[in-house]
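Asks: After the structure tokens below, expect a handful of questions from me.
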Ligand SMILES: [Zn+2]
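Written out as structure tokens, the structure is:
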């Protein structure tokens, strides 16, 4: 299958980005489309949608930001803490818009498992169905993410 040129350009951006150490693709050698499709199937299996996940991440992040760096009890099972690293990140997809670098760590008190993400991660999942490539510092494995935040 011949890929349209804009996808090739996007893959190059995702691989080489200096924004995210190691790029958004990490050590993943699969084509972008394959990564997107594999994660989409995984979400179907898990019974979740990108918008449902993004809503939940946004809610946890908003609660965490009120703690100004301290741990906040978001609800019965989630504690979260936000780190305000100054600055903004552009989305690697070619469209205007930047996202605050703020990162959040969420801890599920039932399992003790933690996961972290940025405002850009929420956007990438919600708008592009992209959880980043395997080996990327910010890769969010859908099953682990769902397990922690729901
Ligand atoms: Zn985008």
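Numbering (the numbering used here), first residue to last: 15 to 164.
All residues carry an ideal CB built from backbone N, CA and C; glycine is no exception.
Given the structure is predicted, the values throughout are model-derived calculations rather than measurements.
1) What's the gap between the Cα of residue 161 and the Cα of residue 138?
2) Report all residues for which the CB-ligand distance to some heavy atom of ligand 1 is below 6 Å; order them along the chain.
3) From what residue to what residue does the beta strand (DSSP E) around residue 104 run?
4) With 8 Å set as the bound, which would you pick, yes or no: does the beta-carbon of residue 140 sit closer than that to a beta-carbon of chain C?
5) Give a single yes or no on whether residue 151 has its beta carbon closer than 7 Å to a heavy atom of ligand 3.
6) Starting from the C-beta of residue 134, find all residues in its chain whose C-beta is less than 6 Å away, skip the five residues before and the five after it, and write them out in chain order.
7) How is the beta strand (DSSP E) around residue 93 delimited, first residue to last?
8) Do three or more CB pairs link the segment 58 to 76 to the segment 39 to 50 at distances below 8 Å?
9) For my contact list, residue 91 and residue 122 are in at a C-beta cut-off of 8 Å; report their separation, rounded to the angstrom.
10) Along the chain, where does the alpha helix (DSSP H) containing residue 124 start, and where does it finish?
11) At the level of alpha carbons, what is the spacing between residue 85 and residue 120?
12) Can you tell me where the beta strand (DSSP E) holding residue 128 begins and where it ends?
13) When DSSP labels each residue in this structure, what does residue 64 get in the three-state scheme?
14) If I follow the unbroken beta strand (DSSP E) through residue 159, where does it start and stop?
Replies: Short version:
1) The C-alpha of residue 161 lies about 19 Å from the C-alpha of residue 138.
2) That gives 105, 107, 109, 137, 141 and 142.
3) Run containing residue 104: 102 to 104, per the beta strand (DSSP E) assignment.
4) Any reference to chain C falls outside this structure, which holds one protein chain only.
5) Annotation note on ligand 3: not contained in the displayed structure, which lists ligand 1 as its ligands.
6) Taking residue 134 as the centre and dropping the five residues before and after it, the same chain places the C-beta of 103 and 113 closer than 6 Å to its C-beta, in chain order.
7) Taken as a continuous stretch (DSSP letters only), the beta strand (DSSP E) holding residue 93 covers 92 to 97.
8) Touching, no, given that fewer than three Cβ pairs across the two stretches are closer than 8 Å.
9) About 6 Å separates the beta carbons of residue 91 and residue 122, which is inside the 8 Å limit, making them a contact pair.
10) For residue 124, no alpha helix (DSSP H) segment is defined, and its DSSP state is neither H nor E.
11) Here the C-alpha atom of residue 85 lies approximately 9 Å from the C-alpha atom of residue 120.
12) Run containing residue 128: 128 to 132, per the beta strand (DSSP E) assignment.
13) Correct three-state label for residue 64: helix.
14) Following the DSSP letters along the chain, one finds residue 159 in no beta strand (DSSP E) but inside the alpha helix (DSSP H) bounded by residues 156 to 163.
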